[in-house]
Amino acid sequence: MIYGGTTSASGNDTLIGGGSYSWGELYGGAGDGTYFHDPLPGGSIYIFDTADSNPGSADRLAFLNATLSDLQATWVNNNDLWVYLKSDINDNGQVDNGVLIENFRTNSNTVGILTIEQLQVGGTVYNFPALLGVV
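Here the sequence shown is numbered in the numbering used here, starting from 94 and rising by one per residue.
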């Protein structure tokens, strides 16, 4: 587990996960956090971030060594989001290398209340909710 701040503290954290074939937990708390995941070493990360209703907030998930067309996103339990490489399932029949974002949609009936607002792949930063069609 890596803590970038507590649930009551606000800060701009940089958290790096992955690198093993097990789950790593990243807790960013409030503020503009950046979460890095590199699928090459393997492993998955579980992101716990505090949703920020501030329209200027900019939490970011940065995927290293991947292209946008490499990625797949799947909703889990309606509000959690699983982001992984499309090719991951081909190596052993299961998805075990990616990022699970808890409560990506913290309120299904309220558009724009999200935990991660940006997706960075390579040098390009995308509006993450717009890519998913949830805004």
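Beta carbons: idealized from backbone N, C-alpha and C, even for Gly. These numbers were taken from a predicted model, which means no experiment stands behind them.
In this structure, what does DSSP give as the bridge partners for residue i?
i      : result
Gly213 : The sequence given here places Gln at residue 213; Gly does not occur at that position. Its beta-bridge partners are Ala155 and Val218.
Thr167 : Trp175
Ile194 : Ile140 and Leu174
Thr127 : Thr107 and Arg153
Under the assumption that residue i contacts residue j (Cβ atoms under 8 Å), give the Cβ distance between them as a whole number of angstroms.
i      : j      : result
Gly126 : Asp163 : Wrong, their Cβ atoms sit about 23 Å apart, outside the cutoff.
Leu154 : Leu212 : 5 Å
Thr167 : Val214 : 17 Å between Cβ atoms; not a contact.
Tyr139 : Leu193 : 5 Å
What do you get for residue i, buried or exposed, if any count of 16 or more other CB atoms within 10 angstroms of its CB means buried?
i      : result
Val176 : buried
Asn105 : exposed
Gly216 : exposed
Thr107 : exposed
Quick one: grab the DSSP three-state call for residue i.
i      : result
Phe225 : One detail in the question is off: residue 225 reads as Leu in this sequence, not Phe. Residue state, collapsed to three classes: helix.
Ser137 : strand
Gly186 : coil
Near residue i, which residues of its chain fall below 6 Å by C-beta distance, leaving aside the five closest residues on each side in sequence?
i      : result
Phe129 : Ile109 and Ala155
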